[in-house]
Amino acid sequence: MKKPGKESILIAGYISEFLDSYVLSQKTDSMNTLKSYQDAIVLYLSFLEDEKKVCCDSLDADCFRHAAIEEWLAWLRESRGCSPESCNNRLASLRTFLKYLGSRDVAYLHLYLEAAQIPRRKCQKKKVEGLTREAVKALLDAPDPSSRTGRRDMAFMVLLYSTAARLDEILSMENSQLHLSGEKPYAVIIGKGNKIRTLYLLPRAVAHLRRYLAEFHGETPDPEAYIFYSRNTGCHGKLTQPAISKMLRKYAKAAHEVCSDVPLGLHAHQFRHGKASHWLEDGMNIVQISFLLGHEQLQTTMVYLDITAEEKAKALATLEDENDKKVPAKWKNPDGSLVDFCGIRRKG
102 MKKPGKESIL
112 IAGYISEFLD
122 SYVLSQKTDS
132 MNTLKSYQDA
142 IVLYLSFLED
152 EKKVCCDSLD
162 ADCFRHAAIE
172 EWLAWLRESR
182 GCSPESCNNR
192 LASLRTFLKY
202 LGSRDVAYLH
212 LYLEAAQIPR
222 RKCQKKKVEG
232 LTREAVKALL
242 DAPDPSSRTG
252 RRDMAFMVLL
262 YSTAARLDEI
272 LSMENSQLHL
282 SGEKPYAVII
292 GKGNKIRTLY
302 LLPRAVAHLR
312 RYLAEFHGET
322 PDPEAYIFYS
332 RNTGCHGKLT
342 QPAISKMLRK
352 YAKAAHEVCS
362 DVPLGLHAHQ
372 FRHGKASHWL
382 EDGMNIVQIS
392 FLLGHEQLQT
402 TMVYLDITAE
412 EKAKALATLE
422 DENDKKVPAK
432 WKNPDGSLVD
442 FCGIRRKG
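Heads up, the sequence shown is in my numbering, so the first residue is 102 and it goes up one at a time.
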């Protein structure tokens, strides 16, 4: 192998800086989002190495030209079986890196401008299936209230449904984010981009959570402990998403026998969608729902709830009335690979 040239070393350094410094300081503080950027870059470098036979000494600007990226997208779809949505996400991550690269060295700006012209893959709109009220009831009746684990799982599902929060928002909640003793008990949710929203809790949810906290955290809960923690790591270790998925599907299987509305492939996001749909059915203003869900744009909520054109008009009319009232995949990474050369350290 030839000794890497100046341009190879320069680009490798920018990739390392992008992932190790720029993404977390400028784009996000979410490790999941960082992993998404990492995965896209690793996949691109793996493609260059395995399919284009690019080595550490031949990594240069031409490796990131329009044609190479188009080939990569085709490779993702045909060889790896990636969906159009996944291809679009990978493309967006690579574009962000190329924009960063162009900002650091204007000689590379043309690469970002070329990548920006690559059209997104057409995606078939997938309607999110929520949960009916009957399905929610059956699921909440599924855990065994006489067992410690059953009481924990019941409290988890109650909080998940009551707040319509994202799964990671619930798993990341600490005891200090629950305020159950006031006249109007509420939970503080820290969402994407560290945006904070407050959700008031109904008496049933408060009762379950109080019993849960007393049993699992004692009389004086550590404010920095996770509300729902792993038995293996203790109160300062989060429950994992795979563990929650396994738990939900276990209860879905039992609840499905009682209520056929319960999907056997239940996942946490269906609680969020179901609650949002129930808020809409109960006549809640679409702007309030958008805020409670943590959506930045009202249009996101419209699409999320699959609101029809007629329903959208009604929702916006309601809004006008309120305004009037002033209301890990694994990749090959042997020694000497492009991934290793670019200093990418996989983060868990």
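We put the CB at the ideal spot given by N, CA and C, even for glycine.
Among the options, nearest to residue i - alpha-carbon criterion
i	options	result
K296	F442, L394, M403, E171	L394
R298	A308, Y287, V307	Y287
S137	L202, E179, E108, L192	L192
A377	G231, F165, T250	G231
S147	L125, L174, Y327, Q371	L174
N190	C224, S391, E152, L125	C224
S273	E382, Q371, A208, C336	C336
N443	Y209, D161, Q127	Note on residue identity: the sequence assigns Cys, not Asn, to residue 443. C443 has its Cα closest to that of D161, out of Y209, D161, Q127.
K104	S159, E118, V124, H318	S159
A208	E316, D163, L120, A326	D163
E316	T197, P246, V237	P246
T197	G283, L210, E284	L210
V237	H379, E284, T401, S282	H379
A256	E235, Q218, L302, S361	L302
A308	L125, E235, S282	S282
E235	S361, T402, L135, E325	S361
CB of residue i within 9 Å of CB of residue j, strictly
i	j	result
C183	L439	no
L177	L212	no
L310	L279	yes
I170	A216	yes
L240	A266	no
E306	V259	As written in the sequence, residue 306 is Ala, which differs from the Glu given in the question. Taking 9 Å as the Cβ cut-off, A306 and V259 qualify as a contacting pair.
D323	N276	yes
I116	I445	yes
L214	G203	yes
V388	L406	no
R222	E118	no
Residue i versus residue j: straight-line alpha-carbon distance, rounded
i	j	result
P429	P304	Residue placement at P429 cannot be trusted, given a pLDDT of 42 that sits under 50; what the coordinates show is reported in the next sentence. Computed Cα separation, rounded: 40 Å.
H342	T233	Rather than His, the amino acid found at residue 342 in this sequence is Gln. Their Cα atoms are separated by approximately 23 Å.
I345	D441	33 Å
N490	D140	It is not possible to answer for residue 490, since the shown part of the chain is limited to 102 through 449.
E270	V289	10 Å
S263	E108	54 Å
E172	I291	39 Å
L314	R249	12 Å
H167	Y123	24 Å
H374	Q127	30 Å
H318	P244	20 Å
S391	G294	16 Å
S187	E150	21 Å
D254	V363	17 Å
R113	H396	The question names Arg, yet the displayed sequence has Ala at residue 113. Going from the Cα of A113 to the Cα of H396 covers about 36 Å.
T419	G384	Only weak support exists for where T419 lies, its pLDDT of 47 falling under 50; the coordinates are left without a value.
Inter-residue CB distance, residue i and residue j (contact presumed, cutoff 8 Å)
i	j	result
K339	Y330	7 Å
L65	A355	For the chain, the structure presents residues 102 to 449; residue 65 sits outside this window and is missing.
L349	L367	5 Å
R252	R332	At roughly 14 Å, the Cβ-Cβ gap does not stay under 8 Å, so R252 and R332 are not in contact.
F165	L120	No, F165 and L120 are not in contact; Cβ-Cβ is about 16 Å, not under 8 Å.
Beta carbon proximity, residue i to chain D, threshold 9 Å
i	result
Y262	Considering every chain present, this structure includes no chain D. It has just one protein chain.
Completely contained beta strand (DSSP E) runs for the stretch 242-319, where each covers 3 or more residues: 287-291, 297-301
In chain order, each beta strand (DSSP E) run of at least 3 residues that lies wholly inside the stretch 134-202: none
Length at least 4, wholly inside the stretch 311-374: the alpha helix (DSSP H) runs in chain order: 342-357
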